[in-house]
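Peer 1: Have a look at this one before I ask anything.
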């Protein structure tokens, strides 16, 4: 699906289910937001399922990512504002699910956009996201090493062996390919704005909408302990801990993330 | 500079795609000899059938044992995923059937396996897909043969039987300039010797029967999805970039992005054409993949010894292997294949067809049969076997003379291989 957001073309996967069908007018409008250097497909385990289970799913390509027009935006605050524009374009309050950089965007949007954000699910994040200097340097140089480093770090140790939930697919291979095929400079910019964002705890403290935090115990990019200040600041959040997941629970433990989304969107 | 946190190639050959069975603790990959899988609920079943969730539902489409082999080969090749098939030919067909439609055109190397040549030259035209064959050593020839309706460029990384070395980067560059993918059959190379995706190939096909399996005990194939080609860029590949009624309007590029090809190959190709690999064969082939690095190193070492012996033998009129300085691709092979350019070679015997026949009859250790890539040394006369359906003109164009002997060098003691071949060569010269 293509739509115009703030004057530019934005692309999203909707699970091949139109979100303007009359029978889903009142269904939750769930916007799934990817992380640095990635695109909508990191949510492929959830998008189509949500679309067939009572939600209007919109796995979006952020500006300059995937098939959305660029250029990429330069800060988490700008991306949060863009989420407001997206809410306007979609015509309703958003239930935002964000991963990593997408989680920061979700936090900032939920803290600043009022009732345009109906609820929030975040995963793969900490109170801050410092970036390893070698990763930033490789990304700055558009060196394929950056994709290799990311693909190795973003998944839990099980994925060094594999056994992907999707038969025949290589999780690290897929992650590497998504990053490698992102336009030049996109990963470097994303990493830099993640490292620069220092408003996560302040944003978390300002959030009043229902919030679920999904944490991978084996997350090496944003270790579990780094998320605790956020959890404390949120106060009211539901916390789901996944014992075998790394930084990308929606890929590594898709069943558990679907369950978490289901419980979050339809608590009763 | 920090290193990527991945297991290295030899480790992945043993471990990629498998964690010990969580129920039994089985260290070896279990053979899941089952047709089907119990659903948790009606909703779970519906989700699997509609590609909403991942998992196994029927072994024609996926199977846990086969999935280990698929993920392992995908990891070794550096792809995003892989789909195993009942044979190498089924893999080539699956790749083409996934992206081509009637009216489409292929530009292919003329120096390919006879069965693949037959499929492209004789069989696919019945379904409206035609092929122009070109010299694989000439990237410009690929460029000149591309038409508006061309949708695929295909070649073997090491040609059959002349071991023409494909300049993968050059030919993929030509293909990509035209918005086309490059598919390569890399059966002779295996990912141990060269990884085509690293050089720009978009689809890698193997007859897993050969060196990957390595022991001549099971037939199988695989399509590896490189995941870097943009199938949705310009509307040339509607099977991937347009809604598909077979799964309620799914668009594979939109939902799966870099994995669009492999997802459609499985969801449509295995579902509808059914050329799946059996779990037992996957198990046999996995045993081979586990020792691939060790075996290929020995295959290459033995090949160097055999080439050295043949080079010095009076009965041999010529040798074709990229390690030999006379091979036209000697320099390219040195660059692309630093570990060696495989263990298949061809050579000519003085005395033409009759001498070739006497050679074949005289070998004792080498086996005369229609296969390559076995642990055992194999010989064949392609003109009367694997390539017999080709016309004289096509044979000549493919560089297959009547005197040509194809040799697949095995893992026996190299002194024994050389002694057997040398004895048979002497016998070939007796009239």
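Protein chains in written order, with this note's numbering: chain V, 74 to 341; chain B, 913 to 1343.
Each residue gets a CB set at the ideal place from its N, CA and C atoms; glycine is no exception.
Being a predicted model, the structure only gives us computed values, none of them experimental.
DSSP three-state call for residue 177 of chain V: helix, strand or coil?
Peer 2: helix
Peer 1: With a cut-off of 8 Å, does the C-beta of residue 1161 of chain B fall near any C-beta of chain V?
Peer 2: yes
Peer 1: Against chain V, does residue 954 of chain B count as a neighbour if the rule is that its beta carbon must be under 8 Å from one of theirs?
Peer 2: no
Peer 1: Does DSSP put residue 1146 of chain B in a helix, in a strand, or in coil?
Peer 2: coil
Peer 1: Relative to the alpha-carbon of residue 223 of chain V, which residue among V:98, V:110, V:91 has its alpha-carbon at the smallest distance?
Peer 2: V:110
Peer 1: Of all the options B:1161, B:1024, B:1087, which has the alpha carbon lying nearest to the alpha carbon of residue 1068 of chain B?
Peer 2: B:1024
Peer 1: Taking only the alpha-carbon atoms, compute the straight-line gap between residue 236 of chain V and residue 931 of chain B and give it to the nearest angstrom.
Peer 2: 6 Å
Peer 1: For the segment 239-280 of chain V, list the alpha helix (DSSP H) runs that are entirely contained and at least 4 residues long, ordered along the chain.
Peer 2: 244-253, 259-269, 273-279
Peer 1: Could you check which residue in B:1016, B:1264, B:1053 has the C-alpha nearest to that of residue 1038 of chain B?
Peer 2: B:1016
Peer 1: Nearest to residue 1172 of chain B by alpha carbon, out of B:1336, B:1337, B:1143?
Peer 2: B:1143
Peer 1: What span of residues does the beta strand (DSSP E) with residue 1137 of chain B cover, start to end?
Peer 2: Annotation for residue 1137 of chain B: the continuous beta strand (DSSP E) segment containing it runs 1133-1137.
Peer 1: Where in the segment 1147-1198 of chain B do unbroken runs of the alpha helix (DSSP H), each at least 4 residues long, occur, reported from the N-terminal end onward?
Peer 2: 1150-1153, 1164-1168, 1172-1176
Peer 1: For the pair the segment 1158-1176 of chain B and the segment 1131-1139 of chain B, tell me if three or more CB-CB distances fall below 8 Å.
Peer 2: yes
Peer 1: Check for me: the beta strand (DSSP E) holding residue 196 of chain V runs from which residue to which?
Peer 2: 190-196
Peer 1: Using a beta-carbon distance below 8 Å, is residue 957 of chain B in contact with chain V?
Peer 2: no
Peer 1: Since residue 993 of chain B sits in a beta bridge, which residues does DSSP pair it with?
Peer 2: V:242, B:1137
Peer 1: Please state whether DSSP places residue 138 of chain V in a helix, a strand or coil.
Peer 2: Correct three-state label for residue 138 of chain V: coil.
Peer 1: Residue 1207 of chain B lies in the alpha helix (DSSP H); which residues open and close that run?
Peer 2: 1204-1223
Peer 1: Going by the CB atoms, is the gap between residue 1126 of chain B and residue 1181 of chain B shorter than 8 Å?
Peer 2: In this structure, residue 1126 of chain B does not lie closer than 8 Å to residue 1181 of chain B by Cβ.
Peer 1: What are the residues that DSSP puts in a beta bridge with residue 1279 of chain B?
Peer 2: B:1290
Peer 1: So, with DSSP's three-state summary, where would you put residue 85 of chain V?
Peer 2: DSSP places residue 85 of chain V in the strand class (E or B) of the three-state scheme.
Peer 1: Suppose the cutoff is 6 Å on Cβ atoms and the five residues either side in sequence are ignored; what does the same chain contact list for residue 971 of chain B look like?
Peer 2: For residue 971 of chain B, the CB contacts under 6 Å within the same chain, skipping 5 residues up- and downstream, are 947 in chain order.
Peer 1: Would a check of beta-carbon distances place residue 79 of chain V closer than 8 Å to chain B?
Peer 2: no
Peer 1: Check whether the Cβ atoms of residue 118 of chain V and residue 294 of chain V lie closer than 8 Å to each other.
Peer 2: no
Peer 1: Does residue 316 of chain V come out as helix, strand or coil in the three-state DSSP assignment?
Peer 2: coil
Peer 1: Rounded to whole angstroms, what's the CA-CA distance from residue 229 of chain V to residue 334 of chain V? Just pull it up for me.
Peer 2: 21 Å
Peer 1: Which residues in chain V sit within 7 Å of residue 1346 of chain B, going by Cβ to Cβ distance?
Peer 2: Because chain B spans 913 through 1343 in this model, residue 1346 of chain B falls outside it and cannot be assessed.
Peer 1: How big is the Cα-Cα spacing for residue 129 of chain V and residue 915 of chain B?
Peer 2: 41 Å
Peer 1: At 4 residues or longer, what runs of the alpha helix (DSSP H) sit wholly inside the segment 956-993 of chain B?
Peer 2: Taking only runs of at least 4 residues, the alpha helix (DSSP H) segments lying wholly in the segment 956-993 of chain B are 976-989.
Peer 1: What residues in the segment 990-1003 of chain B have a beta carbon less than 9 Å from any beta carbon of chain V?
Peer 2: From the segment 990-1003 of chain B, only 990, 991, 992, 993, 994, 995, 996 have a Cβ closer than 9 Å to chain V.
Peer 1: Applying a beta-carbon distance threshold of less than 7 Å, which residues of chain B neighbour residue 250 of chain V?
Peer 2: Those within 7 Å of residue 250 of chain V in chain B are 992, 1139, 1140, 1170.
Peer 1: Determine, for residue 237 of chain V, whether the minimum Cβ-Cβ distance to residues of chain B falls below 8 Å.
Peer 2: In terms of beta-carbon proximity, residue 237 of chain V lines the interface with chain B, with at least one pair separated by less than 8 Å.
Peer 1: Give the DSSP bridge partners of residue 1320 of chain B, in chain order.
Peer 2: DSSP links residue 1320 of chain B through a beta bridge to B:1256, B:1290.
Peer 1: Using the three-state DSSP reduction, which class does residue 149 of chain V fall into: helix, strand or coil?
Peer 2: The answer is helix: DSSP assigns residue 149 of chain V an H, G or I state.
Peer 1: Buried or exposed: which applies to residue 339 of chain V, given that a residue is buried once 16 or more other Cβ atoms fall within 10 Å of its Cβ?
Peer 2: exposed
Peer 1: Going along chain B, which residues have a C-beta under 9 Å from residue 327 of chain V?
Peer 2: Within chain B, the residues placing a beta-carbon under 9 Å from that of residue 327 of chain V are 965, 966, ordered along the chain.
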